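In what follows, a single structure is set out as structure tokens and then discussed.
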Amino acid sequence: MKQKLVLTFLLVFSIKSFSQDSKFSVVANYPIAIGDNFLGQNYNGLVDLGAKYIFSENEIVNIGASINFGFFQNSKSGATDLNQLFDVKIFPIQPRIFAELNIPNLEKFHPQIGLGYSIVIFNANWAENRNADLPADIDDNENGFNINIGLSYDLTNKLFLQAQYDFIKIGVEDGVPDTSYNTNINILKFGIGLKI
């Protein structure tokens, strides 16, 4: 079901990108995990790629949909930290609906707020010296609500800079303490976008 949702988003975005009056844009961000939580304390952001489509425009607010795909890797590898048994990669997938404000006299600035439901995929491979009786890797995912605030600045009619903050509240599996350290994810993103 999750794969079908992602494929549907991509299909809609790709069809609209070929239209004459496209309201479609693509973005590339550098994500930074922040805060006192498992992601901020143990992972480095590598890249975050996204796409946005505005389906309703007026003088005050634009309404649209977006999706982002992030990639984080654990900051401690098995070679440097003997307590770290796994090389872990985290892939947040963040579809959302957003509202973007049009501010008179500040036409180049566009604050936005978004709401979505995120999927956070965990992939763990043994760092080294794996016991043959244990599984080769561990794949898991958690889901949760996502709130996004951001600001973009138009450099040209096609090119823009953006900064965003994402808060994701995920669930935890049985046996994992239900604390803010394990359930709250905070991500800052700085990037550049292209309107197609």
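Position 186 of the sequence shown, counted from 1, bears residue number 186 in full-length UniProt numbering, the numbering being contiguous throughout.
Ideal Cβ placement from N, Cα and C applies to all residues, glycine included.
Keep in mind it's a predicted model, so treat the numbers as computed, not measured.
Local Cβ density within 10 Å of Phe109, reported as buried at 16 or more and exposed below that: Position 109 of the sequence shown, counting from 1, holds the residue named residue 109. By the neighbour-count rule (16 or more Cβ atoms within 10 Å), Phe109 is not buried but exposed.
Check whether Gly144 and Tyr165 have beta carbons under 8 Å apart: Here residue 144 refers to the residue found at position 144 of the sequence shown. Here residue 165 refers to the residue found at position 165 of the sequence shown. At the C-beta level, Gly144 and Tyr165 stay beyond 8 Å of one another.
Buried or exposed (CB count within 10 angstroms, at least 16 for buried), Ser19: On the sequence shown, position 19 is the one that residue 19 refers to. Reliability of the predicted coordinates at Ser19 is poor, the pLDDT of 46 falling under 50, and no value is obtained from them.
CB contact check: Phe160 to chain D, cutoff 8 Å: Absent from the structure: chain D. Only one protein chain is present.
Euclidean distance between Cα positions of Gly64 and Pro95: Numbered from its first residue, the sequence shown carries residue 64 at position 64. Numbered from its first residue, the sequence shown carries residue 95 at position 95. When rounded, the distance between both Cα atoms is 11 Å.
Status (buried if at least 16 other CB within 10 Å, exposed otherwise) for Phe55: On the sequence shown, residue 55 is found 55 positions in, with the first residue counted as 1. Here Phe55 is exposed: its Cβ has fewer than 16 other Cβ atoms, across all protein chains shown, within 10 Å.
Where Asp81 falls, given that 16 or more other Cβ within 10 Å makes a residue buried: If you number the sequence shown from 1, residue 81 lands on position 81. Any reading at Asp81 needs caution, since the residue's pLDDT is 47, under 50, leaving its predicted position unreliable; the model's value is listed next. The residue is exposed, with fewer than 16 neighbouring Cβ atoms inside 10 Å.
Residue closest to Gln162, alpha-carbon to alpha-carbon, out of Asn148, Asn146, Asn186, Gly191: The residue labelled residue 162 in the question sits at position 162 within the sequence shown. That would be Gly191, whose Cα lies nearest to the Cα of Gln162.
N-terminal and C-terminal residue of the alpha helix (DSSP H) that Ser180 is part of: Residue 180 sits at position 180 when you count from the first residue of the sequence shown. For Ser180, the enclosing alpha helix (DSSP H) stretches over residues 180 to 183.
Proximal residues to Lys189 (C-beta, below 6 Å), its chain only, five neighbours per side dropped: Residue numbering aside, residue 189 sits at position 189 when the sequence shown is read from its first letter. Cβ neighbours of Lys189 beyond the five flanking positions: Asn29, Pro31, Asp48, Gln164.
Nonlocal neighbours in the same chain, by C-beta distance under 7 Å from Leu194, ignoring five residues either side: Here residue 194 refers to the residue found at position 194 of the sequence shown. The beta carbon of Leu194 lies closer than 7 Å to those of Ser25, Val26, Lys158, Leu159 in the same chain, with the five residues before and after it left out.
Euclidean distance between Cα positions of Pro177 and Leu39: Position 177 of the sequence shown, counted from the start, is the residue given in the question as residue 177. Position 39 of the sequence shown, counted from the start, is the residue given in the question as residue 39. Pro177 and Leu39: Cα-Cα distance of roughly 15 Å.
Beta-carbon proximity check, Glu100 vs Val61, cutoff 8 Å: In the sequence shown, counting from the first residue as 1, residue 100 sits at position 100. In the sequence shown, counting from the first residue as 1, residue 61 sits at position 61. Taking 8 Å as the Cβ cut-off, Glu100 and Val61 qualify as a contacting pair.
Best match in Gln41, Glu59, Pro92, Asn58 for proximity to Phe71 [C-alpha to C-alpha]: The residue labelled residue 71 in the question sits at position 71 within the sequence shown. Answer by Cα proximity: Pro92.
Nearest-angstrom Cα separation, counted from Asp174 out to Asp87: Translated into the one-based positions of the sequence shown, residue 87 becomes position 87. Translated into the one-based positions of the sequence shown, residue 174 becomes position 174. Distance between the alpha carbons of Asp87 and Asp174 is about 22 Å.
Identified DSSP bridge partners for Ile121: If you number the sequence shown from 1, residue 121 lands on position 121. Phe91, Asn141.
Nearest-angstrom beta carbon gap, Gly50 and Ile67 [assumed within contact, 8 Å]: Taking the first residue of the sequence shown as position 1, residue 67 is located at position 67. Taking the first residue of the sequence shown as position 1, residue 50 is located at position 50. About 6 Å separates the Cβ atoms of Ile67 and Gly50, confirming a contact at the 8 Å cut-off.
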